[in-house]
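Worksheet: the structure to be examined is printed underneath.
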Ligand code: TMP
């Protein structure tokens, strides 16, 4: 079976990962590659509805365990409806967040059992693992200031947490990256956008066997 390339982007608030994921998708598309860009939670009709409950419905209480199951439901649908068909067609899939987000946010930062998350994730995605995961890393204060986190008008369930939550998120991401150095590429995100994009492109070009 012909298989494409699966890339994911991870990072905390204000890391610029969505911008970089989109920029990479545009750059590869311009070069004639078939690219599918997805975001989590979302990326399918069911996933976008689930995203609304998870991120924007302030009146709906959700335990971290319920969050795991909702994120994983959206992911299960995304994998079957979008990611697998695209990879089987030889396309490049760029995912703006994937299962590492659940391990980090609900697992390490909210304290849900990591073993339970592993089991639910196995049901949601099977054995699918990104070929490369770009972790856009930057100091928490910089990320929160960039994302305008303190503004009440920007409330969402996850951005409303205290700063030490975001510190746990950053530390957990760095630990995951250290544990899987072949999959993770840690990108210092406290730099010029164009420089970051160039670093990412160099890695992807190497994977594609194209000149940088
Ligand atoms: P984003 O649009 O910045 O990627 O925001 C999505 C939010 O959802 C972010 O605060 C992280 C959170 N999230 C989780 O807590 N667990 C998950 O599994 C995913 C995919 C996202």
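Residue numbers (my numbering): 15 to 226.
For each residue, glycine too, the CB sits at the ideal point set by N, CA and C.
DSSP-derived helix/strand/coil call for residue i
i           : result
residue 148 : strand
residue 51  : strand
residue 112 : coil
residue 62  : helix
residue 200 : strand
residue 24  : strand
Residue i and residue j closer than 7 angstroms at C-beta
i           : j           : result
residue 30  : residue 149 : no
residue 144 : residue 23  : no
residue 183 : residue 118 : yes
residue 204 : residue 154 : no
residue 51  : residue 114 : no
residue 120 : residue 93  : no
Distance, residue j Cα to residue i Cα
i           : j           : result
residue 152 : residue 187 : 11 angstroms
residue 138 : residue 177 : 30 angstroms
residue 220 : residue 72  : 43 angstroms
residue 108 : residue 91  : 16 angstroms
residue 103 : residue 17  : 7 angstroms
Whole-angstrom C-beta distance between residue j and residue i, which should lie under 8 angstroms
i           : j           : result
residue 28  : residue 160 : 3 angstroms
residue 54  : residue 89  : 6 angstroms
residue 105 : residue 49  : 7 angstroms
residue 218 : residue 33  : Rounded, the Cβ-Cβ distance is 16 angstroms, inconsistent with contact.
Cβ-heavy atom distance, residue i to ligand 2, below 6 angstroms
i           : result
residue 127 : Summarising the ligand content, the structure contains ligand 1 and does not contain ligand 2.
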